[in-house]
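What follows is one structure encoded as structure tokens, with my remarks underneath.
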Amino acid sequence: MKSFILTVRILSVAFIGVSLLHLFMGMYADAALGAPVTAQMSSNPSFDSQNRFYGITFSLLGVALLISCTDLRRYYPIINAAFAVLFAAGIARVAAWIINGAPSPIIIGILYADLLLPPVLYFWLKHNLKTLDSYPNT
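Here it is as structure tokens:
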């Protein structure tokens, strides 16, 4: 159980870190991932506003996971919802790929993480909770 909690906490901090990058760097955070961001795009107030807004709202995923780690049984629905949202975000990346073509290699790597991590973490959590349930209370 401790390794699961540590893994989720590390992911949570990473999500919050990415959010802060978008807050402070705007679209240049996307450029760091290999997205072709022009000066005209990055100086567009609407693009910049949207990027920073959605970037910082991504921190909600990290915060929800951090809180869930404090009591996995109590927050089981929340952590599962967070995993589902992350998986859905991966599906959104696949849709964007189909519609507009392949993203940068770094984003393709992130896409695989978006699609693979949630089911792995879901089943890992489920296994951990089931294992805990099999021990008698002392």
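Each position in the sequence shown, counted from 1, maps to that position plus 58 in my numbering. Ideal placement from N, C-alpha and C gives every residue a C-beta, glycine not left out.
Taking C-beta separations shorter than 8 Å and ignoring five residues to either side along the sequence, the partners of Asn109 in its chain run His80, Gly84, Met85, Ala87, Asp88, following chain order. Between the alpha carbons of Leu183 and Asp172 lies a distance of about 17 Å. By the Cβ neighbour-count rule, Ile137 is buried, with 16 or more other Cβ atoms within 10 Å of its own. Residue environment analysis places Pro177 among the exposed positions, since fewer than 16 neighbouring C-beta atoms fall within 10 angstroms of its C-beta. If the five residues before and after Ile165 are omitted, its C-beta is found closer than 6 Å to the C-beta atoms of Leu91, all from its own chain and listed in chain order.
Take the alpha-carbon of Ile156 and the one of Leu119: they are about 25 Å apart. Closest in alpha carbon position to Ala140, among Ser117, Asn186, Ser104, Ala93, is Ser117.
The straight-line gap separating the alpha-carbon atoms of Phe111 and Ser100 is approximately 14 Å. In the displayed model, Met59 falls within coil according to three-state DSSP, outside both helix and strand.
Pairing Ser70 with Leu123 gives a Cβ-Cβ distance under 7 Å.
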